[in-house]
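Step one of this worksheet: look at the structure below.
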Amino acid sequence: MVNFNDVVSARDRIKKYISLTPLDFSMVLSKERTKVYLKLECQQKQKAFKVRGALSKISSLTDEEKERGVIAVSSGNHGAGVSFASYLLGIKNAKVFVPETAPKAKVDKIKYYGAEIVQVGKNYDEAHKVALDEMKKNNMTYIDSCSDVQLIAGQGTVGLEIMEQNSDIDTIIVPIGGGGLITGISVAAKHMNPNVKIIGVQTAACPAMVKSLEDNVLYEEFPSEDSICDALIGGVTEIPFKMAKKCIDDILVVSEESIRKATKLLLTEEKVVAEPSGAVGVAALLENPKYFEGKNIAIVISGGNLDKDLMEKIISS
48 MVNFNDVVSA RDRIKKYISL TPLDFSMVLS KERTKVYLKL ECQQKQKAFK VRGALSKISS
108 LTDEEKERGV IAVSSGNHGA GVSFASYLLG IKNAKVFVPE TAPKAKVDKI KYYGAEIVQV
168 GKNYDEAHKV ALDEMKKNNM TYIDSCSDVQ LIAGQGTVGL EIMEQNSDID TIIVPIGGGG
228 LITGISVAAK HMNPNVKIIG VQTAACPAMV KSLEDNVLYE EFPSEDSICD ALIGGVTEIP
288 FKMAKKCIDD ILVVSEESIR KATKLLLTEE KVVAEPSGAV GVAALLENPK YFEGKNIAIV
348 ISGGNLDKDL MEKIISS
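Its first residue numbered 48, the sequence shown is counted upward by one per residue in the numbering used here.
Now the structure itself:
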């Protein structure tokens with residue numbers, strides 16, 4: 048499992064490549080007894096926290112492993128993060144597998160920093176199967192999007208920064224997809240202040256971590272309803288699931304309507320561009336004001352890759 052020293056070591060390896068993102072006070076969201084701060088990972092390199100984990104994992108490889116190359120499966124922020132990290136660290140053989148259905152804009156973003164794109168399969172699972180075959184054939188290193196100690200340690204640097212930027216923070220609200228971000232943040236934050244509460248947020252369309260913990264079953268695949276939060280759809284991964292009971296104090300489930308309101312509020316009131324998956328923490332606050340009353344809160348805005356057409360729809364709604 049991941050420990051605090053893993054997070055500190057990850058920061059030492061990646062700090063020259065990443066941005067120290069702001070922890071900005073929000074007058075709009077704060078109340079008389081509740082102070083709210085926004086950790087703006089939407090302003091990170093690649094507009095998402097994912098680059099931290101990719102850099103942490105790839106920088107931990109041996110020279111021989113780097114020479115053999117890395118492989119990932121993603122049509123979103125993780126793929127872009129792996130491509131960017133490979134470029135920064137001089138990895139010449141980086142392959143990102145994406146489904147044939149992946150949007151061209153996302154594929155182009157991954158391709159921009161030099162990773163080889165392999166478009167294969169009708170969905171993520173089919174692309175993943177081909178990628179694993181390629182990995183074994185060429186002895187490459189697979190860069191998992193969530194379930195990896197070094198990757199989670201890299202994501203945990205977000206928590207390290209929050210507690211250093213404001214030691215009065217007593218509650219951190221974090222989106223949950225596969226679970227790597229929240230568990231990494233928790234390891235760092237709870238080491239620095241054992242009393243800090245780590246609150247996860249999932250969309251009601253896909254509460255995979257909630258159900259996994261309720262049933263004590265790892266749901267690596269989980270049925271989803273239609274959701275505006277494409278980055279939070281899917282199951283939970285193994286290492287975050289094993290860490291979750293110790294790392295997560297509570298999980299709140301929010302509606303799609305609240306997520307749209309939160310994304311619009313960030314755009315129009317805070318002038319912050321957040322993708323819906325990155326805005327779910329604000330949605331949780333809007334739905335549960337009494338739950339958070341009297342707290343000093345950091346909300347992790349985990350990504351800012353908001354599609355232009357979707358942005359226009361949200362603003363006009």
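Cβ atoms here follow ideal geometry from the backbone N, Cα and C, with glycine treated the same way.
| query | result |
| --- | --- |
| For the segment 221 to 233 and the segment 339 to 347, state whether three or more C-beta atom pairs, one from each stretch, are separated by less than 8 Å. | yes |
| Do residue 144 and residue 118 have their C-beta atoms within less than 9 Å of each other? | yes |
| Do the CB positions of residue 176 and residue 147 come within less than 9 Å of each other? | no |
| Counting Cβ pairs closer than 8 Å, one from the segment 54 to 65 and one from the segment 93 to 112, do we hit at least three? | yes |
| Output needed for residue 86: all residues of its chain with C-beta closer than 6 Å, excluding positions within five of it in sequence on either side, in chain order. | 70, 209, 345, 347 |
| With burial defined as no fewer than 16 other Cβ atoms inside 10 Å of the residue's Cβ, what is the status of residue 83: buried or exposed? | buried |
| Mapping the DSSP letters down to three states, classify residue 300 as helix, strand or coil. | strand |
| Measure how close the beta-carbons of residue 194 and residue 287 come, nearest whole angstrom, since I'm counting them as under 8 Å. | 7 Å |
| Where does residue 261 land, buried or exposed, given buried means 16+ other C-beta within 10 angstroms? | exposed |
| Is there contact between the segment 124 to 137 and the segment 251 to 266, where contact requires at least three CB pairs shorter than 8 Å? | no |
| Quick check: the Cα distance between residue 342 and residue 234, rounded to an integer number of angstroms? | 20 Å |
| Count the other C-beta atoms from every protein chain shown that fall within 10 angstroms of the C-beta of residue 245, then say buried if there are 16 or more, exposed otherwise. | buried |
| Which residue or residues does DSSP assign as beta-bridge partners of residue 222? | 248 |
| What residues are listed by DSSP as bridge partners for residue 117? | 141, 188 |
| Taking the straight line between their C-alpha atoms, what separation do you get for residue 68 and residue 325? | 14 Å |
| For residue 275, collect the residues of the same chain with a Cβ closer than 7 Å to its Cβ; drop the 5 residues on either side in sequence, then sort them by chain order. | 303, 306, 307, 323 |
| For the candidate residues 142, 140, 164, whose alpha-carbon lies nearest to that of residue 150? | 164 |
| List the DSSP bridge partners of residue 72. | 84 |
| Between the alpha carbons of residue 313 and residue 227, how many angstroms are there, rounded? | 24 Å |
| Touching or not, the segment 104 to 116 and the segment 196 to 207, by the rule of three or more beta carbon pairs under 8 Å? | yes |
| Could you name each continuous alpha helix (DSSP H) segment of 4 residues or more that falls completely within the segment 301 to 361, going from the start of the chain to the end? | 303 to 315, 327 to 334 |
| What residues are listed by DSSP as bridge partners for residue 165? | 144 |
| Helix, strand or coil, according to DSSP, for residue 127 in the structure here? | helix |
| Take the Cβ of residue 171 as the centre, count every other Cβ of all protein chains shown within 10 Å, and call the residue buried at 16 or more, exposed below. | buried |
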